[in-house]
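Protein chains in written order, with the numbering used here: chain A, 775 to 1117; chain B, 775 to 1117.
We put the CB at the ideal spot given by N, CA and C, even for glycine.
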DNA sequence: ATGAATATTGCATGCGCATTCACTAATGAT
DNA sequence: ATCATTAGTGAATGCGCATGCAATATTCAT
């Protein structure tokens, strides 16, 4: 059936050299003469030989060395979400450029992270990125014991000494509140992501904190499940009450767009005339001219390149101390917030 | 530094059995007594042992057997595009459910596919999916020689005997044209994706064919590069001429939304009052109430599950003949097309 | 040209596991 | 109870490669 594939021995025989020579020809920096390397590379090309990465990984697993597979595990939820899609796309390009491959694992709830990590570890990944999910203390310990660098992206776990890169959610929430308060709003509502989600909670906490400083408390709150539909439904609930908010802050742009579309088409409300709206993330659709969503931008490009850089240096030198990076969100002014009417 | 990880030998010693027994305990169907398997699994759990997938893959590489890595390669362009993000998300879940891992490779142009495939093959992937990119005849041959099943998704290559799953682009184009013609439109324009892109070309061909049957030819055409901005700019060009189209068909929803936003905010045109608009794909944002984009839906769920099913059976039995599946697009009526004014 | 230093080279080995083979224990039939 | 099965077991082996080591080829200084 499937013929045995071409190995370094085949090349060695064809080139009249030893297998070691073939191996060295494909290992940059290995001791081998230029002439012989070139000869071997030519023969290899003719035969269609490609080194077997699996076998290569096997043989680096010596008592002193660490087994290197050249693969980075990535654990992600909600890949279909534009924000995550962009993140993964960027990450993928950068990590490839550094010579690593990406082993992608999609999880549904946060509970599956352990399973995912276990599976990925069976593949002897050189490192792992966890997007918007939590790492248990126990698994963190396991990773450390195995010498696998971990990068928590968009999350941090209190008291866990692990690399992380994230937006400053609390400050982002404050920023949104500050802007709405300064614009004169007084009946300010919040729509969160999934209940119990730490990211959403942090944004809300910062938001509420700043409101409190202005002598305000949250006018009302709903959960929008981080989806467009969830945001739309939350808006309907928010505005079905007798007293309506004059401003809404959403923990994500996707939900904010849900609110916007529901307002325009189902509730007959104009933004920002009837109420102001702020999102979070700055996904591409937020900037579409018909939306013009005012939002808190996450500097995804910088965050991702920082994450990759940090992970890569940790993979090259496992003894490095974890780095913790927080980026500040930036308020992007567009068209969905205006000064509240004095009335 | 990083301690050597726990191997089957460690477990064997701790459990007082042979290494073979440990291996069999972790191989479903292997000859071992229930009692001993349970004992071994317990000891393994205590020690935190997990079989090494790399080593496992090595040892299945025998002369008669095919080396199985348990990994499927996925080559993708434009991961940040909502349509592809959704596709990858679905694919990821289904292939994981079948027990495979996903090795993801992002390419920029179609030219990088060869490189990507070569890299992935070094990892001895059991199969590969290529999303919206073309496979050279030479690489197809290499894959066949290595016994690696290939699935072309969203593309097919004339005369190449490889699995593929795709939407019937030509028919989809016809469908769009038919609907616009029946609605009485006469000045019908098209906005394509990237120049030279086969998918876009097929949609255009079917579209033009049906127009011709109605005695019409394309009123004008532009390229929108498959992006929102590209679509918006194409629309500006389309409507800057003295004679304006009364209907526009876009080769993707993302571009159609670009057209819509540009029309509303930059050109002061109403859809469908000033012109009708049809997209292709039916991405989530197409259905957002404020958009209500009439479009040709790709049955992504069915297409992906068909693709996974086909690939998996090919990976289980390499001798199977390639399967070629085409799905019909479905016209989704929303709010962006109306009967043309007699005038 | 000669010995010392250096650059190359091949041999042999092991990474962790699955699997074959030869063998022993358990089970069944009579 | 006896023999024929079958189930279960461990020792040994190899998957394809990188690398330590000892041996050889090359270069250099004199």
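Residue i, enclosing alpha helix (DSSP H) - first and last residue
i             : result
residue 832/A : 827-833
residue 865/B : 856-871
residue 847/A : Not the alpha helix (DSSP H): residue 847/A falls in the beta strand (DSSP E), residues 845-850.
residue 814/B : 808-821
residue 881/B : Note, residue 881/B: premise wrong, no alpha helix (DSSP H); not H, not E.
residue 918/A : 911-920
residue 787/B : 782-789
residue 894/B : 887-896
residue 779/A : Taken as a continuous stretch (DSSP letters only), residue 779/A belongs to no alpha helix (DSSP H), as it is neither H nor E.
residue 798/A : 793-799
Residue range of the unbroken beta strand (DSSP E) whose run includes residue i
i              : result
residue 927/A  : 924-927
residue 1068/A : 1068-1071
residue 903/B  : 901-905
residue 1100/A : 1098-1101
residue 1105/B : 1104-1106
Under 7 Å from the C-beta of residue i: neighbouring residues of chain B
i              : result
residue 828/A  : 828, 831, 832, 843, 897 and 898
residue 933/A  : The contacting residues do not exist; residue 933/A stays about 22 Å from chain B at best.
residue 1038/A : 1064
residue 779/A  : 920
residue 1058/A : 1002
Interface residues of chain B facing residue i [CB-CB closer than 9 Å]
i              : result
residue 879/A  : 866, 870, 875 and 876
residue 1053/A : Simply none; closest approach about 14 Å.
residue 1035/A : 1062, 1063, 1064 and 1065
Contact list for residue i against chain B, beta-carbon separation under 8 Å
i             : result
residue 825/A : 896
residue 998/A : Here the premise fails: no neighbours, minimum Cβ distance about 14 Å.
residue 892/A : 824
Residue i: contacting residues in chain A (beta-carbon distance under 9 Å)
i             : result
residue 809/B : Those within 9 Å of residue 809/B in chain A number zero; the least Cβ separation is about 25 Å.
Where residue i meets chain A, residues with beta-carbon distance less than 7 Å
i             : result
residue 837/B : 778
Cβ contact check for the segment 1029-1043 of chain A and the segment 1037-1047 of chain B: 3 or more pairs under 8 Å: no
Closer than 7 Å between beta carbons: that is the criterion. Which residues of the segment 849-876 of chain A meet it against chain B? 853, 854, 856, 859, 860, 862, 863, 866, 867, 870, 875 and 876
Within the chosen definition, does the segment 931-939 of chain A reach the segment 869-877 of chain A through at least 3 CB pairs nearer than 8 Å? no
Count Cβ pairs between the segment 935-942 of chain A and the segment 955-971 of chain A that sit closer than 8 Å; are there 3 or more? no
Runs of beta strand (DSSP E) wholly within the segment 980-1036 of chain B (minimum 3 residues, chain order): 994-997 and 1021-1024
Curious, which full-length beta strand (DSSP E) runs of at least 3 residues does the segment 938-987 of chain B contain? 962-966
Whole runs of the beta strand (DSSP E) within the segment 1034-1095 of chain A, excluding any shorter than 3 residues: 1050-1055 and 1068-1071
Would the segment 921-928 of chain A and the segment 900-909 of chain A be scored as touching if the rule is three or more Cβ pairs under 8 Å? yes
Please list the residues of the segment 1003-1015 of chain B that have a C-beta atom closer than 7 Å to any C-beta atom in chain A, keeping them in chain order. none
Against chain A: residues of the segment 1063-1077 of chain B by CB proximity under 7 Å: 1063 and 1064
Members of the segment 1040-1051 of chain B that neighbour chain A once the beta carbon cut-off is set at 7 Å: 1040
Three or more C-beta pairs under 8 Å: does that hold for the segment 946-956 of chain B against the segment 972-992 of chain B? yes
Identify each residue in the segment 910-944 of chain A for which the Cβ-Cβ distance to at least one residue of chain B is less than 8 Å, and report them in chain order. 916, 919, 920 and 921
Does the structure place the segment 1076-1088 of chain A close enough to the segment 1046-1060 of chain A that three or more beta carbon pairs sit under 8 Å? no
Check whether the segment 834-847 of chain A touches the segment 883-897 of chain A, counting contact only when three or more Cβ pairs, one atom from each stretch, lie closer than 8 Å. yes
Hey, is the segment 1100-1113 of chain A in contact with the segment 781-794 of chain B, meaning 3+ C-beta pairs nearer than 8 Å? no
If we count Cβ pairs, one from each stretch, closer than 8 Å, do we get three or more for the segment 1054-1070 of chain B versus the segment 1018-1032 of chain B? yes
If we count Cβ pairs, one from each stretch, closer than 8 Å, do we get three or more for the segment 854-872 of chain A versus the segment 808-815 of chain A? no
Mind the definition here: the segment 818-836 of chain B touches the segment 824-836 of chain A only if three or more C-beta pairs lie below 8 Å; say whether that holds. yes
Report yes or no: do the segment 848-857 of chain A and the segment 854-862 of chain B share at least 3 C-beta pairs separated by less than 8 Å? yes
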